[in-house]
C-alpha cells in the first residue's frame, strides 16, 4: 500500500502538469485569437488597396484574398474565428477600397455590407458621344462597339424627340459613380435618365412654348456649349444665334464645321479656310438654319440659355483670347473687334524683320 502513494502523486502531478499545459495552450490560443480579431492591421504600402471579391467567393477564399493583399494578418484559425463571431456568410461580390488599418471583423463587415468601390467618371459639357464613350472604355467599362450599339437605341427619348436616330445631345454631362462590371447599355441609360431628370417636363414645356421642338432646343444648346466655356455668356451667345435665325442669316459656327469634319475623320485639331466649304448639312457656314441634330452633349446652363436667351441686338461675337467674347451689333463693329482681339495682337507679337546689311 505504501508503494502506491508515490504513484498516485506522480499521476496527480502529471495530470496537473497536463492541465496546466492545456490551460497555457488555451490561454495562448485565446490571446492569439484576441490579438488577431481586435488589432487593426494594414500590410499594404500604398495609400489604399482595391480588392476584387468575385461572385460566389467563400469566407476562406475571401480571407485568402485579403491576406494576400495585406488587408488582414495571416491566421490559421481565421475562418473558424470569424464564424464564431457570426461572419460566416453573406459576402457580396465587387471591388472594395481599403484605405485605413482595419480589424478582420471590420474588413469582412465591409464586404458583407456591400460597401463596394465606386469608379467615378466625369463627363464634361459639350463632348461628342464618341469622346464620352472613350472615357468609359478607358475606365474599364466595356468596348466602344457596345456603347455604339446602346447609343442607337432611342426609345428612352422617343416621347420628346421622335426624330432622333441616336442619343447625341441627350448624354448628360455629370460625374457618375459606377461599380465594376456595369454594362455599357446601363451606363448609356443612366446618362439619358440624368438628362430627363435634370431638365424635366417644365423645361420641355418652356421649349414648346417658345415654338421650338426639343430636338431644335438641344441642337441649339450644343452649339452654345461649344462656343463658350463661360456660363455667364451662354444667354448672350444664345441671343446671337436666335437673332441670326430670325433674320435668316447663316449661324457661321466653327464647332459645326469641326463636327462635320469629325464625322468624316478629317478633323486634326485645326480649321482651315477650305474646311469652311465642306459640303455637309452640319456646316453652318454653307447652310442656313440649325444643324440636323446636336453636335455634342450640352449641360444644363446651355440647355436653359437655348430657350431663355438674353435680350440683345447682337449678331456677332469674337474671342478676346481670355476665355470671354466681345459681342457686336453690326459687321463694322465686329470687324473692329476682330482687329483688336485677333489680328492686332498677332502683329504685335510677330518679330520685326531684320534689316539686311
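Residue numbers (the working numbering): 2 to 358. Note that CB positions come from ideal geometry on N, CA and C, so glycine has one too. Quantities reported herein were computed from a predicted structural model and do not represent experimental measurements.
Residues of the same chain with a CB within less than 7 Å of the CB of residue 255, apart from the 5 flanking positions on each side, are 272 in chain order. In the DSSP annotation of this structure, the continuous segment of the beta strand (DSSP E) that includes residue 99 starts and ends at 95-99.
Contact check for residue 57 and residue 93: beta-carbon distance about 11 Å, past the 8 Å limit, so the pair fails to qualify. Looking at the backbone, the Cα of residue 29 and that of residue 22 are separated by about 10 Å. Contact check for residue 252 and residue 245: beta-carbon distance about 6 Å, within the 8 Å limit, so the pair qualifies. With a contact defined as Cβ atoms closer than 8 Å, residue 63 and residue 105 miss out at about 11 Å. Following the DSSP letters along the chain, one finds residue 53 inside the beta strand (DSSP E) bounded by residues 50-54. Secondary structure at residue 302: helix, using DSSP grouped into helix, strand and coil. Put simply, of 66, 186, 8 the residue whose alpha carbon is nearest the alpha carbon of residue 155 is 186.
In the DSSP annotation of this structure, the continuous segment of the beta strand (DSSP E) that includes residue 121 starts and ends at 120-123. In this structure the segment 294-306 lies against the segment 218-226, because at least three pairs of beta carbons, one per stretch, are closer than 8 Å.
Counting along the chain, the unbroken alpha helix (DSSP H) around residue 220 starts and ends at 215-228.
Residue 211 and residue 52 do not touch by the CB rule: their CB atoms are close to 53 Å apart, not below 8 Å.
Under the three-state reduction of DSSP, residue 261 is assigned to helix.
Residue 328: member of the beta strand (DSSP E) spanning 326-329, first to last residue. Going by DSSP, residue 319 is part of no alpha helix (DSSP H) but of the beta strand (DSSP E) stretching over 317-320.
Inter-segment contact for the segment 189-204 and the segment 166-173 is present: three or more beta-carbon pairs are separated by less than 8 Å. Short of 6 Å from the beta carbon of residue 177, and not among the five residues preceding or following it, lie these beta carbons of its own chain, in chain order: 122.
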